[in-house]
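Residue numbers (the numbering used here): 38 to 332. Ideal Cβ positions, reconstructed from N, Cα and C, are used throughout, including at glycine. In what follows, a structure is listed as structure tokens, so that the remarks can point back to it.
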Ligand code: NAD
């Protein structure tokens, strides 16, 4: 079994971006700038945003975290995003979800200008993805295709089964894998909570992408021998013996599935790291677009 190493692969991407940045600096160009908005004090959200900031700085981007109170109104957040939308020195905007209940996530997603929507959640970018046109692709699905590319995994003509139909992972993933693109061209089956006889589909998968948020859900008997298995799930499982009180577990039973799969991502150290690499890639793309508009 080949371990699909997110640490190694994301470092390759980051080094490439870092080198490109160094080259741009010699031309006297400004740095790409990502703004992340964090509303409230959710521990996991704080960790994700801070990791995004750290990685931006690592590759030579500017990065700003705007921290807002739990009680922030939808209107105040909308007004802030509208200001960032027209600031020529800001290339990418992301709002960390979940948001407090008084704020509609859909409203906020649709407020971010599509050309700064580095998360790729805006309807314009989702529409482009559905039509196979160039736009911003959500970071997790994009990071997974970057991983498949790094390991030269053939996708054309393969049967890809995706478990989970969320708008941030499963649905865009299924579109990406079905699109006519170098790491696409699959025949795709999208499974979800109402799928009957899930194992019937998963056992046919040459590439199985699992994103349902149930730790250890996919067992060896659900996997076709020699399948490529991508575990997107990250659940914090309580563990009082650990300093931070939890450990991270994926949706795939790693110890079982490693005996059947040809390739498998670990959790942690797999898709999560690729998600950040893909976000950096999207920010660089937004920056290049913005530079063209302002030069
Ligand atoms: P979600 O809760 O929005 O969606 C879960 C999906 O799973 C739903 O579409 C549902 O229909 C499906 N589902 C639930 N139970 C099922 C079952 N028994 N059989 C088949 N399908 C079932 O979750 P999400 O936001 O897509 O996230 C899924 C997992 O991926 C979570 O663990 C999340 O933390 C993780 N995640 C990881 C990254 C990363 O960077 N690695 C990014 C985003 C999400």
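Return yes when at least one heavy atom of ligand 1 lies under 7 Å from the C-beta of residue 288, else no.
Yes, ligand 1 has a heavy atom inside 7 Å of this Cβ.
Reduced DSSP secondary structure (H/G/I, E/B, other) of residue 161
Looking at residue 161 - three-state DSSP - the assignment turns out to be helix.
If we call anything under 8 Å between Cβ atoms a contact, is residue 95 one with residue 86?
Result no, Cβ atoms of residue 95 and residue 86 do not sit closer than 8 Å.
Euclidean distance between Cα positions of residue 303 and residue 147
Residue 303 and residue 147 have their alpha carbons spaced roughly 33 Å apart.
Where does residue 129 sit, in a helix, a strand or coil, going by DSSP?
Note: residue 129 maps to strand in three-state DSSP.
At a threshold of 7 Å, does residue 248 count as lining ligand 2 (C-beta to nearest heavy atom)?
Among the ligands present in this structure, namely ligand 1, ligand 2 is not found.
Does the Cβ-Cβ distance between residue 242 and residue 294 come in under 8 Å?
Contact flag unset, no.
Hey, would you say residue 248 sits closer than 8 Å to residue 270, going by beta carbons?
Yes; because the gap between Cβ atoms is below 8 Å, this pair is in contact.
Short of 6 Å in beta carbon distance, which residues of its chain neighbour residue 177, apart from the five on each side in sequence? Order them along the chain.
In the same chain as residue 177, and ignoring 5 residues on each side of it, the C-beta atoms closer than 6 Å to its own belong to 206, 312, in chain order.
Terminal residues of the continuous beta strand (DSSP E) containing residue 102?
If you look at residue 102, you'll find it in the beta strand (DSSP E) that goes 99–105.
Going by DSSP, which residues form a beta bridge with residue 300?
Beta-bridge partners assigned by DSSP to residue 300: 39, 265.
Pick helix, strand or coil for residue 284, following the three-state DSSP scheme.
Of the three classes helix, strand and coil, the one that applies to residue 284 here is strand, per DSSP.
Status (buried if at least 16 other CB within 10 Å, exposed otherwise) for residue 169:
In summary, residue 169 is exposed, with fewer than 16 beta-carbon neighbours lying within 10 Å of its beta-carbon over all protein chains present.
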